[in-house]
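Following: one structure in structure tokens, then a few remarks.
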């Protein structure tokens, strides 16, 4: 029996979810890594294992959590996801121990996969496909605004006590999940047909079909090679960047808490600006231009990681870090567009799914080794390793670009860009996982 008591329209409820969710997320993640480094005192291997455990749980729980959204209720899946996320961060913030944080990743990973896809599917069912793209864009804009507000709020809380942003963010998610019990409508849900449900068999079938599609396309084969090495290198960089700032530099003028706020705010604002410039200057309907732009951006990422790992001065390290974050953030929508433009419509969803699985496998495979190097030889050595792990994308890019025919003007892949704009727990924020 539903606990819904207020007959609110779906649209304002959706906008409430994305704005409050983004605010809570930024409140937590602005200080979360600093909390793990300074208060919990995790070493490099432990830091990476936390991220690897999360990625593993997310990968394994896709099917079980998908059953809830496909068979029973997308509303239930979303509410359960936010409730589990709240419990995860309350646990992490209140008990500063490595073992507790690992267990929190299990809760969060299950919660994140409950939300992933179900939230977008729910609002699309309620308002119709024709309106979905416009609403996703509006939600992304509200999420960015909420994130900008969340950063100074997190800094204020962190200046009082370093675990407060994590605890308060968990409380916000808890209040959101309880509020949704009363106000979130679901009037148009239809159980997913059996043939379309997310099961282990369907996941295996998708991977098989995706592999066949990739083998038929040398361009897609190159793109998935790039995807694997992006995943292989990303976990170490994402988990060790804060430890590198804290352990290898002296923060000038301000405390580490304030600097984490500055670093995160700078990354967010610059990313918004650069992404808009790219959107206006690059013709995303030309697949070969998208691929070449991605190649240049990722060369910059490799160089930026090496500069960040070797920098001896704080401001040089900061500029290198911002460069890496900007280039990675700008690459994401272009990467999704490049895949869409080089895959046939009938297998496009399968190729996207395969790319996601390849990325996850890369992250799970690459993280522990980088963490061990960081523990054994130091964080600089670990970050240099992440740059080296990313370098094999160069021949894959070259191979893909050589095989790609220079096409006539293609139709814009609007759904791809709208979907990428709407990602909230991931991907720009997923780097913080």
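In this note's numbering, the protein residues as written are 61 to 493.
Even glycine gets a Cβ: it sits at the ideal position worked out from N, Cα and C.
Since this is a predicted model, take the numbers as computed values, not measurements.
Item	Value
Once DSSP output is grouped into helix, strand and coil, what is the label at residue 314?	coil
Can you give the Cα-Cα distance for residue 295 and residue 154, rounded to whole angstroms?	25 Å
Tell me which residues share the same chain as residue 207 and place their Cβ nearer than 8 Å to its Cβ, disregarding the 5 neighbours each side in the sequence.	82, 83, 85, 86, 328
Please check the pair residue 460 and residue 282, which I expect to be a contact at CB under 8 Å, by giving their CB distance rounded to whole angstroms.	3 Å
Assuming contact is defined by CB atoms lying nearer than 8 Å, are residue 214 and residue 397 in contact in what I supplied?	no
Rounded to a whole number of angstroms, what is the C-alpha to C-alpha distance between residue 130 and residue 441?	45 Å
Between the Cα of residue 355 and those of 323, 370, 380, 390, spot the shortest distance and give me the residue it belongs to.	390
Would residue 149 pass as a contact of residue 216 if the rule is Cβ separation under 8 Å?	no
If I follow the unbroken alpha helix (DSSP H) through residue 440, where does it start and stop?	439-450
Leaving out five residues before and five after residue 319 in sequence, what residues of the same chain have Cβ atoms less than 6 Å from its Cβ?	311
What are the start and end residues of the alpha helix (DSSP H) that includes residue 298?	278-308
Measuring only the C-alpha atoms, how far is residue 300 from residue 67?	46 Å
Mind reading off the beta-carbon distance from residue 173 to residue 125? Whole number of angstroms is fine, and I expect it under 8 Å.	4 Å
Touching or not, the segment 378-385 and the segment 358-367, by the rule of three or more beta carbon pairs under 8 Å?	yes
Between the C-alpha atoms of residue 222 and residue 303, what's the straight-line distance to the nearest angstrom?	15 Å
How do the segment 91-100 and the segment 235-247 stand: do at least 3 beta-carbon pairs fall below 8 Å, yes or no?	no
With a floor of 4 residues, list each alpha helix (DSSP H) that falls wholly inside the segment 214-253, ordered by position along the chain.	224-243
I believe residue 94 touches residue 317 by the beta-carbon criterion, under 8 Å. Please report the beta-carbon distance rounded to the nearest angstrom.	7 Å
Relative to the C-alpha of residue 336, which candidate in 162, 230, 393 has its C-alpha closest?	393
Look up residue 212 in the DSSP assignment and say whether it is helix, strand or coil.	helix
Name the residue from 420, 290, 348 whose alpha carbon lies nearest to the alpha carbon of residue 462.	348
If you count every other CB in all the chains shown that lies within 10 Å of the CB of residue 192, and 16 or more means buried, which is it?	buried
What's the gap between the Cα of residue 434 and the Cα of residue 105?	7 Å
With respect to the alpha helix (DSSP H) encompassing residue 72, which residues constitute its N-terminal and C-terminal limits?	70-94
Given that a residue counts as buried once 16 or more other Cβ atoms are within 10 Å of its Cβ, and exposed if not, what is residue 40?	Residue 40 cannot be examined here, being either before or after the span of the chain that is shown, 61 to 493.
Given a cut-off of 8 Å, decide if residue 110 and residue 151 are closer than it, judged by their beta-carbon atoms.	no
Using a Cβ-Cβ cut-off of 6 Å (strictly less than) and excluding sequence neighbours within five positions of residue 324, which residues of its own chain qualify?	90, 211
Within its chain, find whatever has a CB closer than 7 Å to the CB of residue 432; leave out the 5 residues flanking it on each side and keep chain order.	105
What's the call for residue 437, buried or exposed, on a 16-neighbour Cβ count within 10 Å?	exposed
Unbroken alpha helix (DSSP H) runs of length 4 or more, entirely within the segment 120-203: which are they?	122-127, 134-154, 158-175, 178-187
May I have the straight-line CA-CA distance separating residue 288 from residue 277, to the nearest angstrom?	17 Å
Pair every Cβ in the segment 113-125 with every Cβ in the segment 165-172, then say whether three or more of these pairs are closer than 8 Å.	yes
Please classify residue 220 as buried or exposed, where buried requires at least 16 other C-beta atoms within 10 Å of its C-beta.	exposed
Quick one: Cα of residue 118 to Cα of residue 139, how far?	17 Å
Hey, quick one: how far does the alpha helix (DSSP H) through residue 385 stretch, first residue to last?	374-401
Near residue 412, what residues of its chain come up, given a Cβ to Cβ distance below 7 Å and the 5 sequence neighbours on each side ignored?	399
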